[in-house]
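>
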């Protein structure tokens, strides 16, 4: 084979390999993203629900009548009362809100999964931040599920209290997600925001139920699992961000005292105190 033909052959093979790698790098994040949004509900209801909750009576599908189902989405094919359905919804404003909330949750989970996988493929990932972000999945899913139930049951007494946790968890997880990529420099404001929010979660959660259910052992099995899933990520965040602080001190060759401005620490203290007072009062 002549040299020009050999060079052309090598370039062609290189181009094909590059195309295959590009397809793989695009398909893998999409696949992982889809897997994440599909497997979480199964773990929640299909696995965890059957293990933790009391045994439910078997539903008689042959004689079941869904009298509360308005059958609007079934069009001309059915009128209430309806026979057994695996899944049904009524044509109401709350049903529409629930649908929108479900779509937001699915899209956000999908996009976060894609982002993390892309960082891993590009080898620019902070694995400790990946582990920390994964630990926050249960609190986010718990809040999302609560809002679906609030709309479904028209139960709103805990709405604003849950809203505090949901908003603060989104802010904290947003910073954690940003720090997964090594392209993002760790700054002192990242550390203080994440610490402030998660410390406020620990304080408010402890006053709410964690101390009674976990330390005093007054919670039932499902409450203990729930509280561990909610408070665990907050303690992990404090631990991991403290670790990240030590890394930053080493990189900048400074002391803990000189790493932060005094004004930053004072602001963080007052913001944390204010968040605790507001969150507890809701």
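In my numbering, the protein residues as written are -15 to 266. Glycine included, each C-beta is placed from N, C-alpha and C at the ideal position. Since the structure is predicted, the reported quantities are computational estimates derived from the model, not experimental observations.
#1: Once the 5 residues before and after residue 170 are set aside, which same chain residues still bring their CB inside 8 Å of it?
#2: With C-beta atoms as the reference, is residue 98 less than 8 Å away from residue 14?
#3: For residue 152 and residue 102, I'd like the C-alpha separation in whole angstroms.
#4: When the Cβ atoms of the stretch 110 to 122 are set against those of the stretch 236 to 250, are three or more pairs found closer than 8 Å?
#5: Closer than 6 Å by C-beta to residue -1: which residues in its own chain qualify, once you throw out the five before and the five after it? Chain order, please.
#6: Using a threshold of 8 Å, state whether the C-beta atoms of residue 266 and residue 145 are closer than that.
#7: Quick check: does the Cβ of residue 207 come within less than 7 Å of any heavy atom belonging to the ligand NAD?
#8: Which residue wins for smallest C-alpha separation from residue 159, given the options 195, 221 and 142?
#9: In the stretch 21 to 73, which residue ranges form an unbroken beta strand (DSSP E) of at least 3 residues, counting only runs that do not cross its ends?
#10: Just to confirm the assignment, what range does the alpha helix (DSSP H) spanning residue 144 have?
#11: With DSSP run on the structure shown, which of helix, strand or coil describes residue 109?
#12: Quick check on the DSSP output: the alpha helix (DSSP H) that includes residue 231 runs from which residue to which?
#13: For residue 253, report the span of its alpha helix (DSSP H) as first-last.
#14: Mind the definition here: the stretch 176 to 193 touches the stretch 256 to 266 only if three or more C-beta pairs lie below 8 Å; say whether that holds.
#15: In or out: residue 157 buried (at least 16 other Cβ within 10 Å) or exposed?
#16: On a CA-only basis, which of 80, 217 and 20 is nearest residue 90? Give me that one, please.
The short version:
#1: The residues are 163, 228, 231 and 232.
#2: Yes, Cβ-Cβ distance for residue 98 and residue 14 is below 8 Å.
#3: Cα to Cα, the separation comes out at about 26 Å.
#4: Not touching, per the Cβ criterion.
#5: With a pLDDT of only 48 at residue -1, under 50, the local geometry of the prediction cannot be trusted, and the value read off the model is given with reservation. Taken in chain order, the list of residues that qualify is empty.
#6: Judged by beta-carbon spacing, residue 145 lies within the 8 Å limit of residue 266, meaning their Cβ atoms are closer than that value.
#7: With respect to the ligand NAD, the structure shown offers nothing to examine, as it has no ligands at all.
#8: It is 221.
#9: Runs found: none.
#10: It spans 143 to 164 - the alpha helix (DSSP H) in which residue 144 sits, taken as one unbroken run.
#11: Residue state, collapsed to three classes: strand.
#12: Boundaries of the alpha helix (DSSP H) harbouring residue 231: 205 to 236, taken from the DSSP string.
#13: 246 to 265 is the span of the alpha helix (DSSP H), which, as asked, contains residue 253.
#14: Result yes; three or more Cβ-Cβ pairs closer than 8 Å.
#15: By the neighbour-count rule (16 or more Cβ atoms within 10 Å), residue 157 is buried.
#16: For the residues 80, 217 and 20, the minimum Cα distance to residue 90 belongs to 20.
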